[in-house]
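Peer 1: Let me begin by handing over the structure; questions about it come next.
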Amino acid sequence: MRLINRVLAALLSLALIAVSLLLIIEVIVDRASHRTAVVNWHTAYHWAQRNTWAAGSIRVICGVLIFAGLVLLIAELKPARVSRFTAGPAESGASAIDTAYTRRGLAAAIRSAVTAVDGVRSSAVKVKRRKVRIAAIASAQDRAAARSLHDPIAEAARERLTALKLRRAPSVSVRVSPRSR
Amino acid sequence: MHADRTNRTMMLLLALLLIAVGLGAGAASIGLYGTHTQHSLLMDNPTGHFIGAHGIWLWPVAAVAGLIIALLALRWLIALLFSTDRSGDLVIRSSSGAGHTTLANGALTDAVVEEIEGYRGVNTARARLIGDREDPELVVTAGLDENADFTALRQRIETEALTHARQALGNMALPTQLDLTLTTKRSARVT
Numbered sequence: 384m385r386l387i388n389r390v391l392a393a394l395l396s397l398a399l400i401a402v403s404l405l406l407i408i409e410v411i412v413d414r415a416s417h418r419t420a421v422v423n424w425h426t427a428y429h430w431a432q433r434n435t436w437a438a439g440s441i442r443v444i445c446g447v448l449i450f451a452g453l454v455l456l457i458a459e460l461k462p463a464r465v466s467r468f469t470a471g472p473a474e475s476g477a478s479a480i481d482t483a484y485t486r487r488g489l490a491a492a493i494r495s496a497v498t499a500v501d502g503v504r505s506s507a508v509k510v511k512r513r514k515v516r517i518a519a520i521a522s523a524q525d526r527a528a529a530r531s532l533h534d535p536i537a538e539a540a541r542e543r544l545t546a547l548k549l550r551r552a553p554s555v556s557v558r559v560s561p562r563s564r
Numbered sequence: 261m262h263a264d265r266t267n268r269t270m271m272l273l274l275a276l277l278l279i280a281v282g283l284g285a286g287a288a289s290i291g292l293y294g295t296h297t298q299h300s301l302l303m304d305n306p307t308g309h310f311i312g313a314h315g316i317w318l319w320p321v322a323a324v325a326g327l328i329i330a331l332l333a334l335r336w337l338i339a340l341l342f343s344t345d346r347s348g349d350l351v352i353r354s355s356s357g358a359g360h361t362t363l364a365n366g367a368l369t370d371a372v373v374e375e376i377e378g379y380r381g382v383n384t385a386r387a388r389l390i391g392d393r394e395d396p397e398l399v400v401t402a403g404l405d406e407n408a409d410f411t412a413l414r415q416r417i418e419t420e421a422l423t424h425a426r427q428a429l430g431n432m433a434l435p436t437q438l439d440l441t442l443t444t445k446r447s448a449r450v451t
């Protein structure tokens, strides 16, 4: 969201500069020669003198404004995806060091532990603030054999999380599917 | 940095403004302010009449307000495009107060990166100093090999590389952020 905000902020600031400069130019030219300079605002003025608040175009514009505002508001208020998982206090005793594993690093660490389990062909790991979701694919095509990997996979993931000594380890959920072909 | 806090505040204000204008005009459009307002012309309202009656001084004032807004928006744009959170070169003052040493920002971060990348099990490292040059914070990212002993490497980075950086700055309480991640390949380095 930070990157999107930067792009939106650049566009908004440019729009503000452009509109403000247009306003200044139009006021100066109107005062000097009673005509428009860049924007023919007389057209907009006459349109506003012809239309009532009940006009369909006004309702459409209002709907668009409310929708855009709501989308922007929800996007801004949505909690940011956690990017760091803080590690527990250092055994080294070093002070004022804020050590953490990145979300991608944590996912990769768990994926490598899960893939090392015998019988696992591949895995995908999604790390959220409180939960790690593991979707593994077994080497076997047999559903029962795949199901039997559930506990070893969960155990491997938990062991890896314990080894990383996170301050607050997320819970683990595992889904194992048999190899399709 | 890049004015992230200002960006978010401005986007929230814009969202609220859009909703308020949409709801206000929408309420007039569906007759919540009465049928008279609903069927009156867009310019036929107290605000429109005020603008019409005081245009002589109102538009020049609006132009001045526009100039102020344009300048503020320009400042915002410059902050967006050119601001950075990186510290400049660091000043290390002697304990006697007789003089000071200037330490190039890159000299310290390059030394930290070189030391960490020299550890077995570390594939890549990055370091930067952020914040005020008088009170900087060291931010280090280390990419560890997936087969490495994470705990041992963490301890080594903390007790060796980061401690050396703190000693170099003469500040054993230097705020430090260490981000550990897993990488599969060693980056190609140009020497």
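As given, the protein sequences belong to chains D and H, one line each in that order. Throughout the first sequence, residue numbering follows my numbering, covering 384 to 564 in sequence. Throughout the second sequence, residue numbering follows my numbering, covering 261 to 451 in sequence. Note that CB positions come from ideal geometry on N, CA and C, so glycine has one too. In this text, all values refer to a predicted model and were calculated from it rather than measured experimentally.
(1) Express the C-alpha separation of G391(H) and A490(D) in angstroms, rounding to a whole number.
(2) Under the three-state reduction of DSSP, which class applies to H314(H): helix, strand or coil?
(3) Who are the neighbours of T441(H) on chain D, taking C-beta pairs under 8 Å?
(4) Count the other CB atoms within 10 Å of the CB of T441(H); is the residue buried (16 or more) or exposed (fewer)?
(5) Which residues of chain H have a Cβ atom closer than 7 Å to the Cβ of I407(D), listed in chain order?
(6) Are S289(H) and A437(D) closer than 7 Å when you measure CB to CB?
(7) So the candidates are T436(H), V400(H), R388(H), L340(H); which of them puts its Cα closest to the Cα of R268(H)?
(8) If you measure beta-carbon to beta-carbon, which residues of the region 407-420 of chain H are closer than 7 Å to chain D?
(9) Does the region 499-508 of chain D come close enough to the region 546-554 of chain D to have 3 or more Cβ pairs within less than 8 Å?
(10) Pull up the CB-CB distance for T362(H) and L398(H), whole angstroms please, since I reckon it's below 8 Å.
(11) So A539(D) and V500(D) are in contact, right, with Cβ under 8 Å, and what is the actual spacing, rounded?
(12) Between the Cα of A420(D) and those of M384(D), A431(D), L404(D), L399(D), spot the shortest distance and give me the residue it belongs to.
(13) Could you give the first and the last residue of the continuous alpha helix (DSSP H) run that contains A458(D)?
(14) Identify whether G488(D) lies in helix, strand or coil by the three-state DSSP scheme.
(15) When the distance is taken between beta carbons, is T443(H) closer than 7 Å to N383(H)?
(16) Smallest Cα separation from T419(H): which of A528(D), I480(D), A463(D)?
(17) Residues of chain D with CB closer than 8 Å to the CB of W317(H), please, in chain order.
(18) By the three-class DSSP mapping on this structure, what secondary structure does E406(H) have?
(19) Here's the rule: buried if 16 or more other CB atoms are within 10 angstroms of the residue's CB, otherwise exposed. What is Y484(D)?
(20) Would you say A521(D) and V559(D) are within 7 Å of each other, going by their C-beta atoms?
(21) Go through its chain and collect everything with a Cβ distance to E406(H)'s Cβ below 6 Å, but skip five positions before and after it.
(22) Can you find a C-beta in chain H that's less than 7 Å from the C-beta of V515(D)?
(23) Could you tell me if I457(D) is buried or exposed, where buried requires 16 or more neighbouring beta carbons within 10 angstroms of its beta carbon?
(24) State the beta-bridge partners of L442(H) as determined by DSSP.
(25) Apply the 10 Å Cβ neighbour rule to E459(D) and answer buried if 16 or more other Cβ atoms are within range, or exposed otherwise.
(26) For K267(H), go through chain D and note every residue whose CB falls closer than 7 Å to its CB, in chain order.
(27) With 16 other CB atoms within 10 Å as the buried threshold, where does V390(D) fall?
(28) Residue ranges of each beta strand (DSSP E) run of no fewer than 3 residues wholly in the region 286-353 of chain H, ordered along the chain?
(29) Could you pull the DSSP bridge partners for D481(D) from this structure?
(30) Could you have a look at G430(H) and say whether DSSP puts it in helix, strand or coil?
(31) Are any of the Cβ atoms in chain H nearer than 7 Å to that of W436(D)?
(32) I need the straight-line Cα distance from R543(D) to H424(H), nearest angstrom please.
(33) Beta-carbon within less than 6 Å of A492(D)'s beta-carbon, same chain only, minus the 5 sequence neighbours each way: which residues are those?
(34) With hydrogens ignored, establish whether the beta-carbon of A263(H) is closer than 6 Å to any heavy atom of the ligand ATP.
(35) Whose C-alpha, out of L532(D), W430(D), S478(D), A470(D), is nearest the C-alpha of F410(H)?
(36) Does any C-beta atom of chain H lie closer than 7 Å to the C-beta of D481(D)?
Peer 2: Considering the structure as presented:
(1) One Cα belongs to A490(D), the other to G391(H), and the distance between them is close to 30 Å.
(2) Coil, per DSSP.
(3) Y484, T485, R487, G488, A491
(4) buried
(5) Annotation: Cβ neighbours of I407(D) in chain H (cutoff 7 Å, chain order): A323, G326, L327.
(6) Yes, the Cβ-Cβ distance between S289(H) and A437(D) is below 7 Å.
(7) L340(H)
(8) Here the close residues are F410, T411, R414, Q415, E418, T419.
(9) no
(10) With 8 Å as the limit, T362(H) and L398(H) do not qualify as a contact, their Cβ atoms being about 17 Å apart.
(11) 5 Å
(12) Residue nearest to A420(D) within the set M384(D), A431(D), L404(D), L399(D) is L404(D) (criterion: CA-CA distance).
(13) 439-460
(14) In this structure, G488(D) counts as helix in the three-state DSSP scheme.
(15) Yes, they are a contact pair.
(16) I480(D)
(17) Simply none; closest approach about 11 Å.
(18) coil
(19) buried
(20) yes
(21) Only L442 meet the Cβ criterion.
(22) no
(23) exposed
(24) L404(H)
(25) buried
(26) Reading off the sequence, residue 267(H) comes out as Asn, not Lys. Neighbours of N267(H) on chain D, chain order: N388, R389, A392.
(27) exposed
(28) Here the runs fully enclosed are 350-353.
(29) Q437(H)
(30) The answer is coil: DSSP assigns G430(H) none of H, G, I, E or B.
(31) yes
(32) 30 Å
(33) R543
(34) The model on display carries no ligand, and the ligand ATP is accordingly not part of it.
(35) The shortest C-alpha separation from F410(H) is found at A470(D).
(36) yes
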